[in-house]
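K.L.:
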Amino acid sequence: MMIQALFFLFVLTGGSASNSDLHDPEGNQLTSNGTSDFHSETQVESFSFNCTWGSIFRKLDLRENNDNYTAGRPVTDHRHLTRVDIDMKIFGILDVREADQMFVSFIWVKMSWNNEYIQWDPDQFCGQKHILVPTKYLWMPDLTIEEMTERDKTAPSPNLNIRHDGWVDYRNGQVVESTCAMDVFRFPFDIQACQISFKSITYSDEELSLVYNRNKTGLTRNIRKTIQTQSEWSFHNFKVHEETVDYFGFNQTVIVYTITLKRLSDRYVANFLVPVFFLLCLDFASFLVLDTSGEKIGFKVNMLLAMTLMQVILNEILPPSTGSVPLIGRYCVGIFTLMMLSLLETILVIYLKNKDQIYISINDENQKLNENLEDKRSSLQCCCRGMNKWIHSASAEDTAKEDQYFPKEGSSGPHTEVSLVLEKVHEELGEIRKFQSLLNSRTAGYWTSMAEKINKAFIVFYIVVAVVSMSFIFTVWILGDE
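So, in structure tokens, the structure goes:
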């Protein structure tokens, strides 16, 4: 009984001690748990801190005026070549000024290059694989557009996209006013090819190499999808190629983008080409008007004045050309020439027909004159017969008396004087007959017949020249590039 009581007491005492021991460790455990919670919070804060861009900025020491990033090409060895991948997309054709030989477009440019000083592990920064930094923090390729005549007034993109492997991307949209040598020979059915060329200002091809996307599959089709506005031009084709130039004693790589545009010609056809052709048709229709009408010449003069006005309008809309005369100029000059020849032919025909009328009136007068001459000739012959009878019936006595007044030597009697008068009259009648025969050599209507032949021949010439020239011009216009 005693033993059982002692054992019970021991158990109570041990349990108490055990409980006492358990209390202390519990306090220690609380302390330990508090320390553990503190470290966990610190780790969470540190982990959250590394998830910000600022942590990458501090790791890479990205800041303004850091010469390590801005002083030169981002290479650890100057013998390394900096490769710049460039890609351009055109989003709008804003204007094409033929008079100034200018091409205005809105483009997006993407450039990518490797910065050998930049690299981080995304796992240490919450999986961040890229960040955006201001453009002034890093070196950028000094690319320029050769054809650009005026700097873009819009603000450039302010940021660079940096990837964890060191590749830097720069995207920028800008309005480019560039020169474009234009050939307006086939205006308004012309196709223009304008170029936008990218090159470095400072670096040679041994330091900086420009590379374009050589996957040309669907290049033009993709541009057709992205282009938004085209002014009076339609996008036709898009090509890119690489050139090597030597401007200042060292070679440089140039990436040349060629944008091919086709003019929308409907407005010029409806407002200019068709009206000019209608003027030609009206001039041809004037051949149906009688040549004796004075209004025909006035009508043709009005056609020439209208054609002159159209040429003045053409001079305003036609771009300047340093090459050959554009087809539209030849088109107008050809029609103007046909109209002028038509006017001259009309004047000639009217002149010939009027000349025929003059000869007809002269013949009528000659006919009347001939009748008068015949009457006078008959009267004169009767008079001469009477005088001859009177002379031959004179007596010898009268002859003696006449000899007293008219000596025989060197004298002429009445018979002689009458003969002289008759000879003169006969000569005059001969001259009149010659003149009359000359006038009658041109039968009535000769010049009218000649004018009609000239008119028919000119109509054939007019039609042949108009058809051949118009066919040639329109063939070159429409099928010139095929």
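In case it helps, mature numbering (1 follows the signal peptide of the UniProt record, and there is no 0) puts the sequence shown at residues -17 to -1, 1 to 465.
Each residue gets a CB set at the ideal place from its N, CA and C atoms; glycine is no exception.
Here the structure is a predicted model, which is why all the values come from computation and not from measurement.
1. D125 and S183 look like a contact to me (Cβ under 8 angstroms); what is the Cβ gap, rounded to whole Å?
2. Decide if L273 is buried, meaning its Cβ has at least 16 other Cβ atoms within 10 Å, or exposed.
3. Given a cut-off of 8 angstroms on the beta-carbon distance, is the pair A82 and P309 in contact?
4. Is the Cβ-Cβ distance between E215 and L247 less than 8 angstroms?
5. Can you confirm whether the stretch 39 to 46 touches the stretch 78 to 96 when touching is taken to mean that 3 or more C-beta pairs between the two stretches lie within less than 8 angstroms?
6. Buried or exposed: where does D104 fall if 16 or more other Cβ atoms within 10 Å of its Cβ makes it buried?
7. For I461, does the count of other Cβ atoms within 10 angstroms reach 16, so buried, or fall short, so exposed?
8. Please classify N205: is it buried, with 16 or more other beta-carbons within 10 angstroms of its beta-carbon, or exposed?
9. Using the C-alpha atoms, what's the distance from L202 back to I242?
10. Suppose the cutoff is 8 angstroms on Cβ atoms and the five residues either side in sequence are ignored; what does the same chain contact list for F457 look like?
11. Just to confirm the assignment, what range does the alpha helix (DSSP H) spanning G281 have?
12. Are I179 and M71 closer than 8 angstroms when you measure CB to CB?
13. Helix, strand or coil for N205? Go by DSSP, reduced to three states.
14. Out of curiosity, what's the CA-to-CA distance linking residue 480 and F181?
15. At which residues does the alpha helix (DSSP H) containing G37 begin and terminate?
16. D173 and G306 look like a contact to me (Cβ under 8 angstroms); what is the Cβ gap, rounded to whole Å?
17. Rank I238, I145, T212 by C-alpha distance to the C-alpha of H224 and give the top, closest one.
18. Between the Cα of G156 and those of V259, R134, Q213, Q107, spot the shortest distance and give me the residue it belongs to.
19. Could you compute how far the alpha carbon of S270 sits from the alpha carbon of F168?
20. From this set, T329, N298, S38, which residue's C-alpha is nearest K436's C-alpha?
21. Straight-line CA distance for K119 to K112?
22. Using the Cα positions of A449 and T132, report the straight-line distance between them to the nearest angstrom.
23. Nearest to V194 by alpha carbon, out of R66, E299, G75?
24. Please specify which runs of the beta strand (DSSP E), each continuous and at least 3 residues long, are wholly inside the stretch 52 to 106, giving them in chain order.
25. For a test of the three-state rule: what should DSSP assign to S454, helix, strand or coil?
26. Counting only the same chain and skipping the five closest in sequence on each side, list residues whose C-beta sits under 8 angstroms from that of Q235.
27. Smallest Cα separation from P258: which of F74, M85, A434, L292?
28. Measuring alpha carbon to alpha carbon, tell me which residue in P139, M322, V447 is nearest K279.
29. Keeping to the same chain, check which residues put their C-beta closer than 6 angstroms to that of residue 466; ignore five residues upstream and five downstream.
30. What is the rounded straight-line gap between the Cα of L335 and the Cα of R250?
31. Assuming contact is defined by CB atoms lying nearer than 8 angstroms, are N98 and V158 in contact in what I supplied?
32. Expressed to the nearest angstrom, what Euclidean distance is found between the alpha-carbon atoms of R207 and L262?
33. Looking only at C-alpha atoms, which of V252, Y52, D60, Y445 sits nearest to P171?
34. With H, G and I counted as helix, E and B as strand and the rest as coil, what does DSSP make of M131?
35. For E328, write down the residues that DSSP places opposite it in a beta bridge.
36. Using a 10 Å radius around the Cβ and a threshold of 16 neighbouring Cβ atoms, would you call K283 buried or exposed?
P.N.:
From the atom records:
1. The residue you call residue 125 lines up with position 142 of the sequence shown. The residue you call residue 183 lines up with position 200 of the sequence shown. Confirmed, Cβ separation roughly 6 angstroms.
2. By 1-based counting over the sequence shown, the position of residue 273 is 290. That one is exposed.
3. The sequence position of residue 82 within the sequence shown is 99, counting from 1. The sequence position of residue 309 within the sequence shown is 326, counting from 1. No; because the gap between Cβ atoms is not below 8 angstroms, this pair is not in contact.
4. Here residue 215 refers to the residue found at position 232 when the sequence shown is read from its first residue. Here residue 247 refers to the residue found at position 264 when the sequence shown is read from its first residue. Yes; because the gap between Cβ atoms is below 8 angstroms, this pair is in contact.
5. no
6. Along the sequence shown, one-based indexing puts residue 104 at 121. Exposed, since its Cβ has fewer than 16 Cβ neighbours within 10 Å.
7. On the sequence shown, position 478 is the one that residue 461 refers to. The residue in question, I461, is exposed, as its Cβ has fewer than 16 Cβ neighbours within 10 Å.
8. In the sequence shown, the residue the question calls residue 205 occupies position 222. Classification of N205: exposed, given that the 10 Å Cβ count is below 16.
9. Residue numbering aside, residue 242 sits at position 259 when the sequence shown is read from its first letter. Residue numbering aside, residue 202 sits at position 219 when the sequence shown is read from its first letter. So the alpha carbons of these two residues sit roughly 12 angstroms apart.
10. As a first step, residue 457 must be located in the sequence shown, where it is residue number 474. Excluding sequence neighbours, F457 sits near nothing in its chain.
11. Within the sequence shown, residue 281 is the residue found at index 298, counting from 1. It spans 278 to 300 - the alpha helix (DSSP H) in which G281 sits, taken as one unbroken run.
12. Residue mapping note: residue 179 aligns to position 196 of the sequence shown, counting from 1. Residue mapping note: residue 71 aligns to position 88 of the sequence shown, counting from 1. It is a contact, given that the beta carbons lie within the stated cut-off.
13. Here residue 205 is taken as the residue at index 222 of the sequence shown, counted from 1. It is helical.
14. No answer is possible for residue 480: it lies beyond the span of the chain, which begins at -17 and ends at 465.
15. Here residue 37 is taken as the residue at index 54 of the sequence shown, counted from 1. Run containing G37: 36 to 43, per the alpha helix (DSSP H) assignment.
16. By 1-based counting over the sequence shown, the position of residue 173 is 190. By 1-based counting over the sequence shown, the position of residue 306 is 323. With a Cβ gap of about 12 angstroms, D173 and G306 do not count as contacting.
17. Mapped onto the sequence shown, residue 224 falls at position 241. Taking only the C-alpha atoms, the option nearest H224 is I238.
18. Counting from one through the sequence shown, the residue named residue 156 turns up at place 173. Closest option to G156, Cα to Cα, is R134.
19. Translated into the one-based positions of the sequence shown, residue 270 becomes position 287. Translated into the one-based positions of the sequence shown, residue 168 becomes position 185. Residue identity differs from the one stated: residue 270 is Phe in this sequence, not Ser. F270 and F168: Cα-Cα distance of roughly 33 angstroms.
20. The residue given as residue 436 occupies position 453 in the sequence shown. If we check each option's Cα against that of K436, T329 comes out closest.
21. On the sequence shown, position 136 is the one that residue 119 refers to. On the sequence shown, position 129 is the one that residue 112 refers to. Distance between the alpha carbons of K119 and K112 is about 21 angstroms.
22. Within the sequence shown, residue 449 is the residue found at index 466, counting from 1. Within the sequence shown, residue 132 is the residue found at index 149, counting from 1. Answer to the nearest angstrom: the Cα atoms are 45 angstroms apart.
23. Counted from its first residue, the sequence shown places residue 194 at position 211. Ranking the options by Cα distance to V194, first place goes to R66.
24. 65 to 80, 85 to 97
25. Counted from its first residue, the sequence shown places residue 454 at position 471. Correct three-state label for S454: helix.
26. Residue 235 sits at position 252 when you count from the first residue of the sequence shown. So the qualifying residues of the chain are K182, S183, Y186, S187, D188, T227, V228, D229.
27. By 1-based counting over the sequence shown, the position of residue 258 is 275. Looking at the Cα atoms, L292 is the closest of the given residues.
28. Your numbering for residue 279 matches position 296 in the sequence shown. Looking at the Cα atoms, M322 is the closest of the given residues.
29. Residue 466 falls outside the range modelled here, since the chain spans only -17 to 465, and no answer is possible.
30. As a first step, residue 335 must be located in the sequence shown, where it is residue number 352. As a first step, residue 250 must be located in the sequence shown, where it is residue number 267. Going from the Cα of L335 to the Cα of R250 covers about 45 angstroms.
31. Here residue 98 refers to the residue found at position 115 when the sequence shown is read from its first residue. Here residue 158 refers to the residue found at position 175 when the sequence shown is read from its first residue. Contact: no.
32. Residue numbering aside, residue 207 sits at position 224 when the sequence shown is read from its first letter. Residue numbering aside, residue 262 sits at position 279 when the sequence shown is read from its first letter. Using only the alpha carbons, I get a separation of about 40 angstroms.
33. The sequence position of residue 171 within the sequence shown is 188, counting from 1. Of the listed residues, the one whose Cα sits closest to P171 is V252.
34. The residue labelled residue 131 in the question sits at position 148 within the sequence shown. Three-state DSSP puts M131 in a strand.
35. Along the sequence shown, read from residue 1 onward, the residue named residue 328 stands at position 345. E328 pairs with nothing; no bridge assigned.
36. Counted from its first residue, the sequence shown places residue 283 at position 300. Buried is the call here.
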